[in-house]
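Taking it in order: structure first as structure tokens, then the write-up.
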Amino acid sequence: MDTSRNDPSRNVSAPRGTTLNCKSWLTEAAFRMLQNNLDAEVAEHPQALVVYGGIGRAARNWESYDKIIETLKRLEGDETLLIQSGKPVGVFKTHPETPRVLIANSNLVPHWANWEHFSKLDKEGLMMYGQMTAGSWIYIGSQGIVQGTYETFVSVAKTHFDGKADGRWILTGGLGGMGGAQPLAAVMAGFCMIAVECDESRIDFRLKTRYVDYKAYTLDEALARIETAKKEGKAISVGLLGNACDVFAEVVDRNILPDVVTDQTSAHDPTHGYLPHGWTVKQWKDAQADSPETVIKEAKKSMAQQVKSMITLQSRGAATLDYGNNIRQVALDEGVANAFDFPGFVPAYIRPLFCQGIGPFRWVALSGDPEDIYKTDAKVKELIPEDKHLHNWLDMARERIAFQGLPSRICWVGVKDRYRLGQAFNEMVKNGELSAPIVIGRDHLDSGSVASPNRETESMMDGSDAVSDWPLLNAMLNTAGGATWVSLHHGGGVGMGFSQHSGVVIVADGTDSAYERLGRVLRNDPATGVMRHADAGYDIAKECAIEANLDLPMLHTPNKPIRSHKQEHKDTNESSAVKSTDGAEGVCNGVLELVPGELTLAMMRMVVEEASEHNSMDVHARPYTKLALHKSADAQIKKSAELVAKVLAEGRRVYGVNTGFGKLAAKTISPEELSTLQLSLVLSHAAGIGEPMKDSTVRLMMLLKINSLSRGYSGIRREVIDALITLYNKQIYPVVPCKGSVGASGDLAPLAHIACVLVGEGEATHHGKEMSGAEAMELAGLQHIVLGPKEGLALLNGTQASTALALEGLFAAENLYMAGSMAGSMSIEAAMGSHRPFDRRIHEVRGHKGQIDSAFVYRHLLGAAEHDLQSTHDGLQRRGSQISVSHTECAKVQDPYSLRCQPQVMGACLTQIRNSADILLTEANAVTDNPLVFEEEGVILSGGNFHAEPVAFAADNLALAISEIGAISERRMALLIDSAISGLPTFLVDNGGVNSGFMIAQVTAAALACENKCLAHPASVDSLPTSANQEDHVSMATHAARRLHDMAFNTAGIVGIEMLGACQGLDFRSPSLSSGQVEAGKALVRARVPFYDVDRYMAPDIKQATAIIQEGGFNVFCPRSDILPSLDVGSASAGSATSASGMA
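Counting with my numbering, you get residues -16 to 1127 for the letters of the sequence shown.
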């Protein structure tokens, strides 16, 4: 075989227009994209088949390339071409819905998966290095990574510079391949950049394509350009000809301090990707063929030196990050023990996006007509109207990014949008808006398609950095879904032995079958990223999985939200709006198919958050989950109602069916008055007072009442339950006054106000607009309900109001627990407290599960968890705290209790939260009205399940936990402002005296803590007889639960104040950094509240910090899904938590 890889006579470019060279657009797409990868505008060395990344090739050799082209031309619509490391090896009969091409590149058995063995095979013509999108034929030039780099740099600005990149500059290395995206991305994000590149032709290429603004030959020349630009308020980029190793060392030696330092040289390939120190480019190129071992040895030494320079610049205050080329690993192997002191870009800045399936989605116009791309840009804006950041990117991309090869576009979108865009593009092809089909793909650097422990999967929460099952599953699923071509690669981005990844491409050719395939593939593909991160324990991913209605068995709840695939993909252009004939409209987020008695805490949390006052989305645009009753409930509901009718027909006397109520239970009611009896009950009992309950509370009350009635022990007709479900689904919420229940004989008054709307009385709201009950029923398209025997009583009896209020208190307590743990960790670092009190041995000998788990949470946040492991480079070491290391030998012996005893206090709070969760979960699924109908025995029994004493106790315990989270937080804040204890400036501000800093903020925290002490008094110990002493002992559960809202608000304010103070303290410890988790928590705060340099109006700062807590913003830092009950979507209660001794 001719293994020649370098043919200077070759000049490849993709065909344009609508004339087919192959038998279908599916194979034509692969035909054109392979050639597009080798277009001189796109590829680094097209005559050598190298697309980017050192030796990332599109085909193994020119003979293989020619055979691929020839085979694609003849490939039938029911055949699949197999590509093995760039060589076509077989065509097999499959069927039209399977991929036309399957590709495997660079895959080696793990023991031999190294550069040495690969290079031997490569030299013998048995393999090729496919990089990522090079060997999978979906590279689109440097634009392919511009947005990801842009998103990273924007996040860097938010994290380190209060979102302002003006006057800041970045030092980096590498302008080849993907590194070429850096200068343009930096300028688009507002930074200046000096990018060091040893190959002048690459700088010239970036100048030509407008990715670089200027070229310089010396560091002084480049710096002069940057200084001029800064004075003029401009953002520019300079390509500096030189060796990154040498230039970075010069920057260190001359005490020059960039604001940001990173690198995108092709360090993953030590032979072809990195110029050794002191070598000329010609010497390097020659030695690659003559003496590759020497090149590798010298290149690795030089990389180690560059990493040392980067660490030094980080220690001097530069924000330093690895951009995924494996340079830290090389340095570690070369003896640089602290090579991982600076983080990778994914865990530091990108992982929250990956948790939502958001990543680099790209598409190419096969026509070659730029107008097709501009039209798709407009369609993206139309379908995702609320994402102004995305719109800004599309506008800048059109203005600044020159197309390379076939016109293309990239934007970062996720699981909720990719399939919608793909199907919309397909419709545009179908109706002639676009002149030819669109190819849709993505980078392998995506949320679910890669395992790369030094880049995309670095520092995974569960330690699964190196598990490569995920990209294999991704590839198999995309194959099953009907992608046009699928690829599975090894070693891309970071080099042989360090990654496994998969690619997917699908064609929108305007056909109906393509529409269906696009719906499958472009939903499933990003969904695997959500799945992977949810499995690793990330709460953002779990929430996204619920919102996207993903069926993840290990996170399965019996009441899984489901969505009809056909309905979901029925009409992309209608988005997901659910419209009714009556004008009620909202954005449907799927259907919760309710199995009565099997609600989970996670599902109830979702229901609350969809209608929460802390949800920042416009109420008309919020996604909401509709409710449907599982068919298994039908029979029991029917039989129960039939038994009530039978009892009446037999003339039996049964309480609540044909008698009066309470003290009037002895009075028998005639058959003709039974309907009046139930209506009178509802109207007379609707006697509440006070401000209306929040929509989120009423929504949850309705769900709980539907759940209880649907279990089939209440004797109520299905049509009454269906009416409640319709109101719920239309987001029509009865107005329920917040006061008037004592929590025994049920929450009579609050539930009566809900029942009033069903009979056309009372008031309701829809999207904030108040209306009468009659108008609400009309808006819902319902007739007024004429209540049958027992139905009014069934609607009124029950603990759903107190339980809903208590559940909201539970979810708030969980938010506070995680926020309090983060704030406490920040305060430990700001006050230079010791990590030793969190050693697991201390807590294991005491034995309290909550305390043991809380200590684990603190170790995780503080970056101390790695000390529990007897291993070296396992990914956890990267999260260590520089602040902690800086005072290891200090004179302090012990910290005050508010720092040292946090696991003991927060652990006790966690125990109360878990116990309350267990009680409330049981109550949420309970039948609590009276009397109860047991159709199998043919009896109706009167009891007292409406007595809410368990809910009252749970609420009282939550009150204690909420109060204590705030109490210890306030003490830490008092410690921080006291310079004698914390070692920080008095009141956490410079120029004290002129500035008062956080003086009065701490007073506010103290006031809130004292108020909570009063509110925490147990409500359950109180009781007053009601109903003429018939109901002579009551629970006061509704009050016990309702006061949790005020307490949670107070504690959120306390912890928010501490959070601001602790962030201030951490800023004063700069340039030393805390752990990765603490720094990320600080970044979350700093994204909304800047450093407090001089006195300013403080209330808005406190409001912003409090809002993050109320939104559950710090839940993402929870290290395990079993820590907090409602965040564990795979468990019914916290009782199944992992044993403490094995959790590290």
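Cβ atoms here follow ideal geometry from the backbone N, Cα and C, with glycine treated the same way.
Residue pairing for V490: DSSP places it in a beta bridge opposite V422.
Rounded to whole angstroms, the Cβ separation of G803 and I948 is 4 Å, and the two are in contact under 8 Å.
No Cβ-Cβ contact shorter than 7 Å links N457 with G424. Partner residues in the beta bridge of A434, as assigned by DSSP, are Q483. When secondary structure is reduced to three states using DSSP, C993 falls in the helix class. Within the model, the alpha-carbon separation for I768 versus V363 is close to 45 Å. Within 10 angstroms of the beta-carbon of H843 lie 16 or more other beta-carbons, which makes it buried. Using a 10 angstroms sphere on the CB of S693, the tally of other CB atoms reaches 16 or more, which defines it as buried.
Non-local beta-carbon contacts of V742 in its own chain, meaning distances under 7 Å to residues more than five positions away in sequence, involve L662, V665, H767, I768 and L770 in chain order. Under DSSP, G698 takes part in no beta bridge, so it has no partner.
In this structure the region 705 to 719 does not lie against the region 929 to 939, because fewer than three pairs of beta carbons, one per stretch, are closer than 8 Å. The beta carbons of A670 and A732 sit closer together than 7 Å.
Inter-residue distance for S595 and T295 is about 47 Å (C-alpha atoms, whole angstroms).
F136 places its beta carbon 7 Å or farther from that of R151.
If you draw a straight line from the Cα of G921 to the Cα of L610, it comes to about 31 Å. Of all alpha-carbon atoms in S285, D269 and Q271, the one lying nearest the alpha-carbon of H260 is that of S285.
In the same chain as C1046, and ignoring 5 residues on each side of it, the C-beta atoms closer than 6 Å to its own belong to K1065 and V1068, in chain order. V627 sits close to G698, with the two beta carbons spaced by under 7 Å.
In this structure, DSSP gives I123 a state outside helix and strand, which the three-state scheme calls coil. Residue environment: W468 is assigned as buried (16 or more neighbouring CB atoms within 10 Å of its CB, all protein chains considered). With contact defined as three or more Cβ pairs closer than 8 Å, the region 1034 to 1041 and the region 1087 to 1104 are in contact.
When I1106, M982 and P1001 are compared, the shortest CA-CA separation from D1078 is found for M982. M537 carries a helical assignment under DSSP once its states are collapsed to helix, strand and coil.
Unbroken alpha helix (DSSP H) runs of no fewer than 4 residues, entirely contained in the region 693 to 748, are found at 701 to 712 and 731 to 741, following chain order. Rounded to whole angstroms, the separation of the alpha carbons of F481 and V398 is 27 Å. G729 sits away from E744, with the two beta carbons spaced by 7 Å or more. Scanning its chain for C-beta atoms nearer than 8 Å, with the 5 sequence neighbours on each side dropped, one finds around P720 the residues G671, I672, G673, E674, P675, M676, A732, P733 and H736, in chain order. Apart from the 5 residues on each side of it in sequence, A466 sits with its Cβ closer than 6 Å to the Cβ of P82, V487, I489 and V504 in its chain, given in chain order. In terms of Cβ geometry, V170 and S220 form a close pair [threshold 7 Å]. Contact between N461 and D429 is ruled out by a C-beta separation of about 11 Å, above the 8 Å threshold. CA-to-CA, the gap between S(-4) and I421 works out to about 17 Å. Assignment of R299 by DSSP, reduced to helix, strand and coil, places it in the coil class.
Your pair A847 and H826 does not check out as a contact, with CB atoms roughly 13 Å apart and the cut at 8 Å. Rounded to whole angstroms, A706 and A763 show a C-alpha spacing of 9 Å. Straight-line spacing of the CA atoms in A814 and R1052 works out to 9 Å.
Note: I177 is bridge-paired with L154 and V221 in the DSSP secondary-structure output.
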